[in-house]
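Since the structure comes first, as structure tokens, the remarks are kept for the end.
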Amino acid sequence: MTVFLAPGREKLALNRHPWVFSGAVARLEGTPSPGEVVEVRTSAGAFVASGQFNPTSKIRLRLLEWKEGVAIDEGWYQQRLDEAWALRQPVTAETDAYRVFFSESDGIPGLIADRFGPFLVVQFLTSGADREKQRLTELLARTVPGLEGIWEKSDGDGRRLEGLANSEGLLWGKAPGEIEIRENGNRYLVDPSSQKTGFYTDQRDNRRLVAPWLAGRRVLDAFTFTGGFAVAALAAGARSVTLLDSSADALAQARRNLALGGWKPEEVLEGDAFQLLRDLRKRGDSYGAIVLDPPKLATSREHLEKALRGYKDLNLQALKLIESGGYIATFSCSGLVDFATFREVIAFAAKDSGRRVDVIRQLHQAPCHPIRTSMPEAEYLKGLLLRVV
Ligand code: SAH
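Counting from 658, one number per residue, gives the positions in the sequence shown under this note's numbering.
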């Protein structure tokens, strides 16, 4: 089966960007079913790539292989898994919680696999990945040594846009209960039935890198989820930690993670951070350090401006709450907001706050979340450690 691209719309695909949008497709030869592998050719008929077709999604094609005549078979998938596994070897020495496979960046669009101790929590987020669920599960079980179980947690907006319903359950081995993992010498409990796969391993290095600046301070961990930064802060000697999140379940888990280390939060604030940061200011509170790790605010290009206003507002509120000489670790996990834009937003917030703000570290997603040079939007997590005078 062959898909021909519209004239003048071939460039991105030829440059190995893995997405082809519906508008770039001119015509089909045959009727591929969702997720089926097709040949992609220019309007003149030259080979571009092999890719998975989805008639429902705006991302009509997910490109897999740019070499002509290479079969997308079990051996091909195994090679992608082997490359991904090799890349994680240095990480396996320091933690048992990391991303084993990161979708397009590792060459199989839609496949996410996070390792937590002896379990994998996996997502199949595209029709192509979903179609190969059984095969990919078996290959993962073969590639990653020491596994006891593989649990599926396929959910989120991405699946809906692909025309897929949510799907959760046991795929292989035994079901994980709550899993205890270690990261940077700290222990955490991971509950795969909570948000996403249960724990954000992309922040592993950043938790370690900012922790020394939180030592001795009264810390506000805004968007704490299960207390990732809060635990790192307390382990590094933070004086106290306030947990803030809109999810009661996440906060309960964060408390339990603190308890693992023998700590208690100074305060737990459940609600909307945009409002709560204002309330804290009205109350006359101030902090020696603040972590701001909001969810993806820019969910589409149409909402980018609004998202940037959101980032600016959050950071301005944090700047109003921070003591002189205090630190803010601020993040954006929106793929649509690049680093330059994020720095600009922070500069605007700093200007409006009237404070002097110095960048002391630039922060990135952990290396178990690689970025293919042909797909810059895979660089989704960016952060700055700021000193506020
Ligand atoms: N810092 C965390 C990850 C944060 S994920 C870690 O290191 O693991 C983003 C979190 O923001 C989620 O826990 C979600 O429940 C929370 N959240 C989403 N919208 C929110 C809002 N408006 N106010 C407060 N919390 C929010």
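Positions of the beta carbon are idealized from the N, C-alpha and C atoms, including for glycine.
Beta-bridge partners of A754, as assigned by DSSP: Note: A754 sits in a beta bridge opposite F773.
Residues that I765 bridges to, as DSSP identifies them: Looking at the DSSP assignment, I765 forms no beta bridge with any residue, so it has no partner.
Segments assigned alpha helix (DSSP H), at least 4 residues, entirely inside the stretch 822–894: Runs of the alpha helix (DSSP H) inside the stretch 822–894: 861–871 and 885–892.
Integer-rounded CB distance, given that G894 should sit under 8 Å from G873: Confirmed, about 6 Å.
For V1046, three-class secondary structure by DSSP: Here V1046 carries a coil assignment [DSSP, helix/strand/coil].
Pick from A892, E740, R719 and M658 that is closest to G702, judged by C-alpha positions: When only C-alpha atoms are compared, the closest one is M658.
Residue(s) in a DSSP beta bridge with Q746: Looking at the DSSP output, Q746 bridges to nothing.
F880 CB to nearest heavy atom of the ligand SAH below 6 Å: Correct: F880 has its Cβ closer than 6 Å to the ligand SAH.
Whole-angstrom C-beta distance between S943 and L978, which should lie under 8 Å: Between S943 and L978 the Cβ distance is about 6 Å, and since that is below 8 Å, they are a contact.
Under 7 Å between C-beta atoms of A1023 and D859: One thing to note: A1023 has its Cβ within 7 Å of the Cβ of D859.
Whole-angstrom distance between S851 and D812, CA atom to CA atom: A straight line joining the alpha-carbon of D812 with that of S851 spans about 11 Å.
Backbone CA spacing between I1017 and K831 [nearest angstrom]: Each residue's alpha carbon lies about 45 Å from the other.
Residues near V1014 in its chain [Cβ-Cβ closer than 6 Å; skip 5 each side]: Excluding sequence neighbours, V1014 sits near A1007, L1043 and V1045.
For W808: DSSP bridge partner residues: W808 is bridged to V778 and L827.
Length of the line joining the Cα atoms of S991 and L827: Near 30 Å, if we compare the C-alpha coordinates of L827 and S991.
The alpha helix (DSSP H) enclosing R684, as first and last residue numbers: It is not in any alpha helix (DSSP H) - R684 instead sits in the beta strand (DSSP E) that spans V682 to E686.
For A946 and G785, the rounded distance between their alpha carbons: Taking the straight line from one Cα to the other gives about 44 Å.
is_contact[E761, chain D] using C-beta, thresh 7 Å: Among the protein chains of the structure shown there is no chain D, as only one such chain exists.
Simplified DSSP assignment, three categories, for E924: In this structure, E924 counts as strand in the three-state DSSP scheme.
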